[in-house]
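Numbering (the numbering used here), first residue to last: 21 to 240.
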């Protein structure tokens, strides 16, 4: 630390994907500990990444943010994937281990989500994806956690998300309600991200790396 600021590292992954989950959790926990942050947000569609986070964040409250119950992503590399933490046993494990769970809709993703219309929400997501796809998920997860009352506006938190399944991006953010996004929300620090902003979709196992077999149980 000097008169002008503080130097902190950002870790850059070689590829997107689930392979980076453990390291992302480790880096996020280190940053939370360093900054005295006592609440962490993890975006987790199946609950598997959230279970991994709970192994490390034992002394930090974990808020799990997922899609609305019953949501499905069609035509992925492993088929139609059920998201929104569809497995009741995983949901039970998360709650029994103290996690707060938020199922909801991304504030940037509205009624026109599945149309060709490019509205302001979609345009914002497109801009954020020039940095990495996990960034917008980290941000909206914090907004949803605040809207649900698990974070207070102005509170600092560490948030983790990924590129589809798994984790590869983490930030430190100042929480805000979604209706106050442009007035109050802030990305304070970038903890880690894939160095390249983009990955192939559906995943091609080149720009996105990870174990897909563990997610087959959630396919239709």
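Even for Gly, the Cβ is constructed at its ideal location relative to N, Cα and C.
Quick caveat: nothing in here was measured; it's all calculated off a predicted structure.
Next item on the list: Please state if the CB of residue 101 and the CB of residue 202 are separated by a distance shorter than 8 Å.
Entry: Residue numbering aside, residue 202 sits at position 182 when the chain shown is read from its first letter. Residue numbering aside, residue 101 sits at position 81 when the chain shown is read from its first letter. Not closer than 8 Å, so no.
Check: With distances taken between CB atoms, is the gap from residue 70 to residue 45 smaller than 8 Å?
Finding: Residue numbering aside, residue 70 sits at position 50 when the chain shown is read from its first letter. Residue numbering aside, residue 45 sits at position 25 when the chain shown is read from its first letter. Cβ atoms of residue 70 and residue 45: not closer than 8 Å.
Notebook entry, point to check: To which residues of the same chain is residue 176 closer than 8 Å at the C-beta, ignoring the five residues directly before and after it?
Noted result: The count along the chain shown starts at 1 and reaches residue 176 at position 156. Counting only Cβ-Cβ distances below 8 Å, and skipping sequence neighbours, we find 55, 57, 192, 193, 194, 195, 208.
Next item on the list: Using a threshold of 8 Å, state whether the C-beta atoms of residue 111 and residue 185 are closer than that.
Entry: Start at 1 with the first residue of the chain shown, and residue 111 comes out as number 91. Start at 1 with the first residue of the chain shown, and residue 185 comes out as number 165. Going by C-beta atoms, residue 111 is not nearer than 8 Å to residue 185.
Notebook entry, point to check: In the DSSP assignment, what are the bridge partners of residue 32?
Noted result: Taking the chain shown and counting its residues from 1, one reaches residue 32 at position 12. According to DSSP, which records beta bridges pairwise, residue 32 is partnered with 213.
Check: Which runs of the beta strand (DSSP E) fall wholly inside the segment 53 to 130 and span at least 3 residues, in chain order?
Finding: 59 to 63, 81 to 87, 92 to 96, 99 to 102, 120 to 124
Notebook entry, point to check: Looking at C-beta atoms only, is the number of pairs between the segment 213 to 230 and the segment 73 to 93 that lie closer than 8 Å three or more?
Noted result: no
Margin query: For residue 164, count the other beta carbons within 10 Å of its own beta carbon; 16 or more makes it buried, fewer makes it exposed. Which is it?
Written below: If you number the chain shown from 1, residue 164 lands on position 144. Looking at its Cβ environment, which holds 16 or more other Cβ atoms inside 10 Å, residue 164 is buried.
Checklist line | Beta-bridge pairing of residue 180 - partner residues as DSSP gives them | finding: Indexing the chain shown from 1 puts residue 180 at position 160. Residue 180 is bridged to 62, 190.
Item checked: Of the residues 49, 189, 31, 161, the one placed nearest residue 120, counting alpha carbons only -> Taking the chain shown and counting its residues from 1, one reaches residue 120 at position 100. If we check each option's Cα against that of residue 120, 161 comes out closest.
Check: Per DSSP, what kind of secondary structure is residue 227 in: helix, strand or coil?
Finding: As a first step, residue 227 is located in the chain shown; it is residue number 207 there, counting from the start. Coil.
Check: Between 66, 34, 217, which lies nearest to residue 123 when the distance is taken from Cα to Cα?
Finding: In the chain shown, residue 123 corresponds to position 103, counting from 1. If we check each option's Cα against that of residue 123, 66 comes out closest.
Next item on the list: Per DSSP, which residues does residue 46 bridge with? Please list them.
Entry: Position 26 of the chain shown holds residue 46. Answer by DSSP bridge pairing: none, since residue 46 is not bridged.
Margin query: Using the three-state DSSP reduction, which class does residue 163 fall into: helix, strand or coil?
Written below: Stepping through the chain shown from its first residue, residue 163 is reached at position 143. Reduced to three states, the DSSP call for residue 163 is helix.
Next item on the list: Specify the secondary structure class of residue 175 as computed by DSSP and reduced to three states.
Entry: Position 155 of the chain shown, counted from the first residue, corresponds to residue 175. DSSP places residue 175 in coil when its eight states are reduced to three.
Notebook entry, point to check: To the nearest angstrom, how far is it from the Cα of residue 246 to the Cα of residue 158?
Noted result: Past the edges of the chain, shown from 21 to 240, lies residue 246, and the structure says nothing about it.
Next item on the list: Compare the C-alpha of residue 85 against each of 52, 30, 168, 173 and name the closest.
Entry: Start at 1 with the first residue of the chain shown, and residue 85 comes out as number 65. That would be 168, whose Cα lies nearest to the Cα of residue 85.
Notebook entry, point to check: Between which two residues does the alpha helix (DSSP H) containing residue 241 stretch?
Noted result: Nothing can be reported for residue 241, as the shown portion of the chain is limited to 21 through 240.
Next item on the list: Just tell me which of 96, 109, 137 has its CA closest to the CA of residue 240.
Entry: Within the chain shown, numbered from 1, the residue matching residue 240 stands at position 220. Checking every option, the nearest Cα to that of residue 240 belongs to 96.
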